[in-house]
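K.L.:
Would you mind keeping the following structure in view while I ask a few things?
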Amino acid sequence: MDAGALAGCLRDKSVLITGSTGFLGKLFVEKILRVQPAVKKIYLLVRASHGASAEQRVMSEVTGEAVFDIQREKYGPVGFQNFIKEKVVPIDGDIMHDNLGLDSAQVSVLTKEVDAIINGAATTNFYERYDVALNSNALGAKNVCEFGKKCCNMKLLLHVSTAFVAGTQEGLLLERAFHNGETLREGYYLDIEEELQLVRNVKTELMEALSDSSEKLEKSKMKELGLKRACHFGWPNVYTLTKAMGEILLGQYKGELPIVIIRPTMVTSTYQDPFPGWIEGTRTIDALIVAYDEQALPCFLGDRNDIIDLIPADMVINAALVAMAVHWNEKLQVIYHVSSSCQNPLSVNDFVDSCFDYFSISPRILNGRVLQTRRPYLFKRYAFFRVCLMIIFSLPLMILEGFNLLLCGCFSRYCNDLNRRYNFLTLLVKLYAPYAFFKGRFDDSNLTWLRMETKICNVDGGNLNFDPKQISWHSYLISVHVPAVLKYAHMKKGTTLRRTSYSYSQ
Numbered sequence: 015m016d017a018g019a020l021a022g023c024l025r026d027k028s029v030l031i032t033g034s035t036g037f038l039g040k041l042f043v044e045k046i047l048r049v050q051p052a053v054k055k056i057y058l059l060v061r062a063s064h065g066a067s068a069e070q071r072v073m074s075e076v077t078g079e080a081v082f083d084i085q086r087e088k089y090g091p092v093g094f095q096n097f098i099k100e101k102v103v104p105i106d107g108d109i110m111h112d113n114l115g116l117d118s119a120q121v122s123v124l125t126k127e128v129d130a131i132i133n134g135a136a137t138t139n140f141y142e143r144y145d146v147a148l149n150s151n152a153l154g155a156k157n158v159c160e161f162g163k164k165c166c167n168m169k170l171l172l173h174v175s176t177a178f179v180a181g182t183q184e185g186l187l188l189e190r191a192f193h194n195g196e197t198l199r200e201g202y203y204l205d206i207e208e209e210l211q212l213v214r215n216v217k218t219e220l221m222e223a224l225s226d227s228s229e230k231l232e233k234s235k236m237k238e239l240g241l242k243r244a245c246h247f248g249w250p251n252v253y254t255l256t257k258a259m260g261e262i263l264l265g266q267y268k269g270e271l272p273i274v275i276i277r278p279t280m281v282t283s284t285y286q287d288p289f290p291g292w293i294e295g296t297r298t299i300d301a302l303i304v305a306y307d308e309q310a311l312p313c314f315l316g317d318r319n320d321i322i323d324l325i326p327a328d329m330v331i332n333a334a335l336v337a338m339a340v341h342w343n344e345k346l347q348v349i350y351h352v353s354s355s356c357q358n359p360l361s362v363n364d365f366v367d368s369c370f371d372y373f374s375i376s377p378r379i380l381n382g383r384v385l386q387t388r389r390p391y392l393f394k395r396y397a398f399f400r401v402c403l404m405i406i407f408s409l410p411l412m413i414l415e416g417f418n419l420l421l422c423g424c425f426s427r428y429c430n431d432l433n434r435r436y437n438f439l440t441l442l443v444k445l446y447a448p449y450a451f452f453k454g455r456f457d458d459s460n461l462t463w464l465r466m467e468t469k470i471c472n473v474d475g476g477n478l479n480f481d482p483k484q485i486s487w488h489s490y491l492i493s494v495h496v497p498a499v500l501k502y503a504h505m506k507k508g509t510t511l512r513r514t515s516y517s518y519s520q
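Going letter by letter, the sequence shown gives residues 15 to 520 in the working numbering.
What follows is the structure, given as structure tokens:
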């Protein structure tokens, strides 16, 4: 398949995208408009919130973002707005509801117009409420599938999942579908209807036990239940459990609907397209980079020889769009791991070294003083890690609190700061401990085949590169990703990032 065929797939076609206000969702919208400006319509399903209409949300949270700057420059401010108005149609809806929460008139229009659906809507919180995660990640996938089957011209449903539906298994993890009822624990059966009923029962019991409904208590109980059920079936968190459920439901309800499931690993900032280093949100491993920058990561759990599977966001988008073109209107379901651990593995040691190199070349400056860069200690055993926490945090905190009590609160600020850093580090461990010693590698045989099928990757609107072998991890991390993460983190905090200047050519 040549580049013209790849770009031409969506010419004069209409696409429905869910989750367009998310990180990958914005990139999908931007890339389609840039690579194939002759697309007929892009319908964006968004939930109106805080009194804002769907159109207002799209303007402020999607097309108004910096990721569209290249197209904004190409068309000019007025021309860009006219182009967006012609091509993009915001729709107020929600994948948690039947017919995506649309009225009959909207359903009538979309089922006649839509040729393809990209389902990127999901909650990615590791410790989300069980009821919310079930409705969004599991039932949401089913609702999108059922809606797709009603579309007269439907050629393909692209579903964005995660490679970590594999949990924390070891060895080579294959690009295969989940069977109905399958879990990651031998001898256990996953009945999604029973899980939904369990949620209803727990909510009913809470209402009966309390004279007044407590939203805070319900939230806490739903979070606890989600983690408990995930661990019961062999998943480390509610996010990966419910994403696996979503895949199971797609397999159950797809009928003859063509489905491509994209499973990215840890998604990082863009490698090169539309420009290097675009990111939004602190994503997975990025929390460790921010903690390193704030000198809040003196130690952590992990094995320096283990592999961290990172993949730039633009490679995820490119792989997805190429897969759409290759499997357009094929009556099958295919799964792609968009990963790097087999083709271009990055070790924990190389990741830590790259971060250390960045902070050494470009250290933080506080009150005119250059802060010293220290490597975090990595412990293979949790017991040693706990001892380190005790030496660095617990014992000094006990001493400070004693002096603080004797001196009428003179050390309160220091106590609060030390306690905050301790709580932050323990939270990071809680979130990422299941992956601290991850021994799996994600098979990408299907993606390798896809690259071989599409030798030509350059198109008029950019490139469609999704080959992780081209990434120099050290160069990418210190000149693109780490500075992008820190820039976004400081923007969110409203602080100015001050560093010594340096230059590094990629």
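C-beta: ideal position from N, C-alpha, C; glycine also.
State the beta-bridge partners of P104 as determined by DSSP.
P.N.:
L58
K.L.:
Could you give the DSSP three-state label for H111: helix, strand or coil?
P.N.:
coil
K.L.:
Do K394 and F314 have their beta-carbon atoms positioned less than 9 Å apart in this structure?
P.N.:
no
K.L.:
What do you reckon, are the CB atoms on L172 and F97 nearer than 9 Å?
P.N.:
no
K.L.:
Pull up the distance between the alpha-carbon of F365 and that of A327, whole angstroms please.
P.N.:
18 Å
K.L.:
I492 and S368 - do their beta-carbons sit closer together than 9 Å?
P.N.:
yes
K.L.:
According to DSSP, is M404 helix, strand or coil?
P.N.:
helix
K.L.:
May I ask you to report which of helix, strand or coil DSSP gives R427?
P.N.:
Reduced to three states, the DSSP call for R427 is helix.
K.L.:
Could you pull out every residue in the same chain whose Cβ sits closer than 8 Å to the Cβ of N194, ignoring the five residues on either side in sequence?
P.N.:
Cβ within range, chain order: I262, G265 and Q266.
K.L.:
Verify whether the separation of the beta carbon atoms of E79 and K40 is less than 9 Å.
P.N.:
yes
K.L.:
Use the C-beta contact count for S426: other C-beta atoms within 10 angstroms, 16 or more gives buried, fewer gives exposed.
P.N.:
exposed
K.L.:
Rounded to the nearest angstrom, what separates L420 and V330 at their Cα positions?
P.N.:
Cα to Cα, L420 sits roughly 57 Å from V330.
K.L.:
Based on the DSSP secondary-structure assignment, which residues constitute the bridge partners of V53?
P.N.:
R25
K.L.:
Please confirm if the stretch 292 to 307 is in contact with the stretch 336 to 355, defined as three or more CB-CB distances below 8 Å between the two stretches.
P.N.:
no
K.L.:
Mark D320 as exposed unless 16 or more other C-beta atoms lie within 10 angstroms of its C-beta, in which case mark it buried.
P.N.:
buried
K.L.:
Could you tell me which of L241, I273, C165 and T256 sits nearest to E207, measuring between CA atoms?
P.N.:
T256
K.L.:
Need the endpoints of the beta strand (DSSP E) that G185 sits in, please.
P.N.:
G185 to L187
K.L.:
What did DSSP end up calling L392 once you bin it into helix, strand or coil?
P.N.:
strand
K.L.:
Tell me the rounded alpha-carbon separation between G316 and V443.
P.N.:
So the two alpha carbons sit approximately 10 Å from each other.
K.L.:
Rounding to the nearest angstrom, what Cα-Cα distance links Y428 and F399 in this structure?
P.N.:
23 Å
K.L.:
Classify C356 as buried or exposed, calling it buried when 16 or more other Cβ atoms lie within 10 Å of its own Cβ.
P.N.:
buried
K.L.:
Using 9 Å as the threshold, is the C-beta distance between M168 and V121 below it?
P.N.:
no
K.L.:
Could you check whether N139 and Y57 sit closer than 9 Å to each other, using their CB atoms as the reference points?
P.N.:
It is not a contact, given that the beta carbons lie outside the stated cut-off.
K.L.:
What is the DSSP secondary structure of N167, counted as helix, strand or coil?
P.N.:
If DSSP states are grouped into helix, strand and coil, N167 belongs with coil.
K.L.:
Between the C-alpha atoms of G33 and H341, what's the straight-line distance to the nearest angstrom?
P.N.:
22 Å
K.L.:
Excluding the five sequence neighbours on either side, which residues of its own chain have a C-beta within less than 6 Å of the C-beta of M73, listed in chain order?
P.N.:
none
K.L.:
Given this structure, state the Cα-to-Cα distance separating G475 from G248, to the nearest angstrom.
P.N.:
Residue placement at G475 cannot be trusted, given a pLDDT of 49 that sits under 50; what the coordinates show is reported in the next sentence. Cα to Cα, the separation comes out at about 43 Å.
K.L.:
For R378 and L385, what's the separation of their Cα atoms in angstroms?
P.N.:
6 Å
K.L.:
Measure the beta-carbon distance from A136 to D106 and round it to whole angstroms, keeping in mind my assumption that it falls under 8 Å.
P.N.:
So it is not a contact: roughly 19 Å between Cβ atoms.
K.L.:
When DSSP builds the beta bridges, which residues end up paired with M280?
P.N.:
L324
K.L.:
Does the beta-carbon of E200 have 16 or more other beta-carbons within 10 angstroms, so that it is buried, or is it exposed?
P.N.:
exposed
K.L.:
Does the separation of the CB atoms of H504 and G291 fall below 9 Å?
P.N.:
no
K.L.:
How close, in whole Å, do the beta carbons of P482 and N358 come, if the pair is a contact with beta carbons under 8 Å?
P.N.:
Contact annotation, P482 with N358: C-beta distance approximately 4 Å; criterion of less than 8 Å satisfied.
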